[in-house]
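What follows is a single structure, written as structure tokens, with notes after it.
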Amino acid sequence: MAETITYHLADFEGPLDLLLHLIKINEMDILDIPIVSITEQYLNFLHAAEQNDLDIAGEFLVMAATLMSIKARYLLPKPELEFDPDGELAELTYEEDPREALMQQLLEYQRYQVAADELREREDARQLQFSRSPLPIPDDIDGLPLPEGLEIADLQTAFSKMVQKRAQKQVQPRTMANETWSIRKQMTAVVQKLQAAAKLEFTELFDDDLTNDLLVTTFLAVLDLVRHQHVVIEQTAAYGAITLRIGDTPFIGESEEEQLDE
48 MAETITYHLA DFEGPLDLLL HLIKINEMDI LDIPIVSITE QYLNFLHAAE
98 QNDLDIAGEF LVMAATLMSI KARYLLPKPE LEFDPDGELA ELTYEEDPRE
148 ALMQQLLEYQ RYQVAADELR EREDARQLQF SRSPLPIPDD IDGLPLPEGL
198 EIADLQTAFS KMVQKRAQKQ VQPRTMANET WSIRKQMTAV VQKLQAAAKL
248 EFTELFDDDL TNDLLVTTFL AVLDLVRHQH VVIEQTAAYG AITLRIGDTP
298 FIGESEEEQL DE
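Mapped onto my numbering, the consecutive letters of the sequence shown carry residue numbers 48 to 309.
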């Protein structure tokens, strides 16, 4: 003989949770709840809890009263259609389904349950992952220190301001071109500009006709050049103009790399 499973009110987070459980185990349609049957089962559940001398939370009793009210309204006889002397139907008034509000509450609660289950699954999956803390920079790496008061964030701020000014001036193109830009190629172009001018302001590296893709690629190229000490950035005054010049580490461009490969 199969063992009977006994549920307690403590197993449910509230009356809606209990109702959803009853609907699920009885394979009912949440959009067409058999209100007579579900009310009877709900009340039997509360009566069983009372017989076990369990304290029933007030919200469960409120739901019981709500179900009994809906049941009473649902069982009331519907008014019959009356015909006037001319043989036309009397004006009909739409009567809302007394179960409507309860069904909407159950659907909303069900959505919260699904979302909570997904978050719980993500949390369990995250517990199985182990993140490694960032490693310290090795002591044997020589890095060229930036000028006092100047940080990489200053370059990012200068780049953002320049992009905003360009967006205000430029007219958006009506056509799109599929262009691919290489960071290595832009590194070569930046070095060539600096070799010709010895020193340039940061904004002078970006021509007015550059596309957004080329703007970003050029900015990444500048960061890569600074990181490898091919280019040095300077700022003589706080919030002043940022200038760039050739660094002490030689840069090998694309054409020179091809010659070395040959």
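We put the CB at the ideal spot given by N, CA and C, even for glycine.
So, is residue i buried or exposed, given that buried needs 16 or more other C-beta atoms within 10 angstroms?
i: phenylalanine 206; result: buried
i: arginine 221; result: Residue placement at arginine 221 is poorly supported in this model, since its pLDDT is 45, which falls under 50; the coordinates are not used for a value here.
i: isoleucine 299; result: exposed
i: valine 269; result: buried
i: alanine 137; result: With a pLDDT of only 49 at alanine 137, under 50, the local geometry of the prediction cannot be trusted, and the value read off the model is given with reservation. Classification for alanine 137: exposed.
i: leucine 65; result: buried
i: valine 109; result: exposed
i: threonine 296; result: exposed
i: threonine 283; result: exposed
I'd like the span of the alpha helix (DSSP H) that includes residue i, first residue to last.
i: leucine 93; result: 82-98
i: leucine 247; result: It is not in any alpha helix (DSSP H) - leucine 247 instead sits in the beta strand (DSSP E) that spans 246-248.
i: glutamate 143; result: From DSSP, glutamate 143 is part of no alpha helix (DSSP H); its letter is neither H nor E.
i: glutamate 105; result: Rather than glutamate, the amino acid found at residue 105 in this sequence is glycine. Residues 105-122.
i: proline 62; result: 62-72
Taking the beta strand (DSSP E) that residue i belongs to, which residues open and close that run?
i: leucine 270; result: Counting along the chain, leucine 270 falls outside any beta strand (DSSP E), though it belongs to the alpha helix (DSSP H) covering 259-274.
i: threonine 290; result: 290-293
i: glutamate 281; result: 278-281
Note down the Cα distance separating residue i from residue j, rounded to an integer number of angstroms.
i: leucine 262; j: glutamine 211; result: 12 Å
i: leucine 63; j: serine 178; result: 39 Å
i: proline 337; j: lysine 71; result: This structure cannot speak to residue 337, because the chain is shown only from 48 to 309.
i: isoleucine 77; j: aspartate 58; result: 21 Å
i: leucine 123; j: tyrosine 156; result: 28 Å
i: isoleucine 280; j: glutamine 233; result: 17 Å
i: valine 161; j: arginine 231; result: 48 Å
i: alanine 244; j: threonine 204; result: 24 Å
i: glutamate 106; j: glycine 61; result: 7 Å
i: glutamine 88; j: leucine 114; result: 11 Å
If residue i and residue j are in contact, beta carbons under 8 Å, what's the gap, nearest whole angstrom?
i: leucine 247; j: leucine 291; result: 6 Å
i: isoleucine 289; j: phenylalanine 253; result: In fact, because the Cβ distance is near 12 Å, the residues do not count as touching under 8 Å.
i: arginine 120; j: proline 145; result: 4 Å
Quick check: is any heavy atom of the ligand GDP less than 7 Å from the C-beta of residue i?
i: aspartate 201; result: No copy of the ligand GDP occurs in the structure displayed, which carries no ligand at all.
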